[in-house]
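Residue numbers (this note's numbering): 18 to 157.
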């Protein structure tokens with residue numbers, strides 16, 4: 018009986034250590050049954066946005082009605098201001114803490130974002146390359 022109690026305590030202790038270290042992103046879930054790739058692959062719309070000074074820029078972004086469509090094959094398309102569509106590929110980088118968008122159309126460009134939150138229906142990104150805008154997306 019003592020062996021079972023010790024084993025149960027050891028498993029509980031190890032489990033609590035492992036679960037407390039699973040949180041990958043600042044505002045992300047502690048644990049998820051979905052892979053990061055599965056959580057990223059979705060259609061996203063802006064819920065909230067902040068400019069580089071931390072000022073709320075949600076109205077500006079929502080007026081443009083952007084749609085970010087991420088596919089499991091790591092391709093993406095983004096409808097942005099005035100209906101222009103950008104497309105290319107996306108991938109995780111920096112030990113899956115960042116996502117890099119390699120735009121191929123209508124022109125080549127690369128933008129890296131730090132992933133702040135990645136849940137099934139929420140995606141928060143902070144641009145790392147230029148002006149550090151922060152974009153909070155929700156599932157469409």
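We put the beta carbon where it would ideally sit given N, CA and C, even for glycine.
Cβ neighbours of residue i in the same chain (closer than 8 angstroms, five flanking residues each side left out)
i           : result
residue 108 : 91, 116, 117 and 119
Closest Cα partner of residue i within the set the options
i           : options               : result
residue 84  : 146, 63, 147 and 77   : 63
residue 124 : 112, 130, 137 and 102 : 102
residue 136 : 143, 111, 105 and 155 : 155
residue 157 : 53, 54, 122 and 61    : 61
Beta bridge counterpart(s) of residue i as assigned by DSSP
i           : result
residue 155 : 62 and 139
residue 130 : 116 and 144
residue 105 : 93 and 120
residue 86  : 60 and 94
Classification of residue i by the beta-carbon crowding that lies within 10 angstroms, buried from 16 upward
i           : result
residue 77  : exposed
residue 139 : buried
residue 59  : buried
residue 153 : buried
residue 38  : Confidence is the limiting factor: at residue 38 the pLDDT is only 41, short of 50, which leaves the residue's position unreliable, though a coordinate-based value still follows. With fewer than 16 Cβ atoms within 10 Å of its Cβ, residue 38 is classed as exposed.
Residues near residue i by beta carbon distance below 6 angstroms, same chain, minus five either side
i           : result
residue 128 : 118 and 146
Short CB-CB distance (under 9 angstroms) between residue i and chain D
i          : result
residue 59 : Within the model displayed, chain D is absent; a lone protein chain is all it includes.
Length of the line joining the Cα atoms of residue i and residue j
i           : j           : result
residue 126 : residue 70  : 24 angstroms
residue 141 : residue 50  : 19 angstroms
residue 149 : residue 81  : 19 angstroms
residue 105 : residue 57  : 15 angstroms
residue 67  : residue 131 : 14 angstroms
residue 144 : residue 52  : 23 angstroms
Contacts around residue i, its chain only, beta-carbon distance under 7 angstroms, and the 5 residues preceding and following it disregarded
i          : result
residue 44 : Annotation note: pLDDT 49 at residue 44 (below 50); position unreliable, no value reported.
residue 96 : 83, 84 and 102
residue 65 : 75 and 153
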